[in-house]
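A short write-up of the structure that comes next.
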Amino acid sequence: MERNEKKKSKKPWVGPCILAVATASAVAVAAGAFFMLSRIGEGDQEQTEGRTMKGPDTGGERISRDKFEADPKNYFRTNRLKGPKAAVEAFK
1 MERNEKKKSK KPWVGPCILA VATASAVAVA AGAFFMLSRI GEGDQEQTEG
51 RTMKGPDTGG ERISRDKFEA DPKNYFRTNR LKGPKAAVEA FK
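So the sequence shown is residues 1 to 92, counted in full-length UniProt numbering.
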């Protein structure tokens with residue numbers, strides 16, 4: 001055998017197998033990192049206690065149903081005068 005010739009492997013599938021395992025590992029690590037990072041800010045969100053409903057004219061924001069049913073007139077007044085964000089904050 002000459003000096004520059006390389007010895008061929010008897011198992012030609014070993015290289016692609018190692019590549020597949022490395023790729024799968026990289027994908028798993030990336031998915032795990034994404035999952036962990038996506039959960040970071042969830043504890044900071046304010047939760048509305050009791051029953052909730054989607055506030056009228058708020059684009060789906062949740063408000064307290066009990067507060068709304070107690071004084072819907074005030075909700076719509078606040079929504080009209082100060083805007084939907086102020087109404088949602090007042091009725092959380």
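Glycine included, C-beta positions come from ideal geometry on N, C-alpha and C.
Values in this document were obtained by computation on a predicted structure and should not be read as measured data.
Does the separation of the CB atoms of residue i and residue j fall below 7 Å?
i, j, result
"Thr-78", "Ala-70", "no"
"Arg-39", "Thr-52", "no"
"Phe-91", "Lys-67", "yes"
For a test of your reading of the model: does the CB of residue i fall under 6 Å from any non-hydrogen atom of the ligand SAH? Yes or no.
i, result
"Phe-91", "For the ligand SAH, the structure offers nothing, since it holds no ligand at all."
For residue i, which three-state DSSP category applies?
i, result
"Thr-23", "helix"
"Lys-11", "coil"
Quick check: what's the CA-CA separation for residue i versus residue j?
i, j, result
"Ala-17", "Met-36", "Looking at the sequence provided, one finds Cys at residue 17 rather than Ala. One C-alpha to the other measures close to 29 Å."
"Pro-84", "Asn-74", "12 Å"
"Lys-11", "Ala-28", "27 Å"
On the DSSP bridge list, what partners appear for residue i?
i, result
"Thr-52", "Ser-64"
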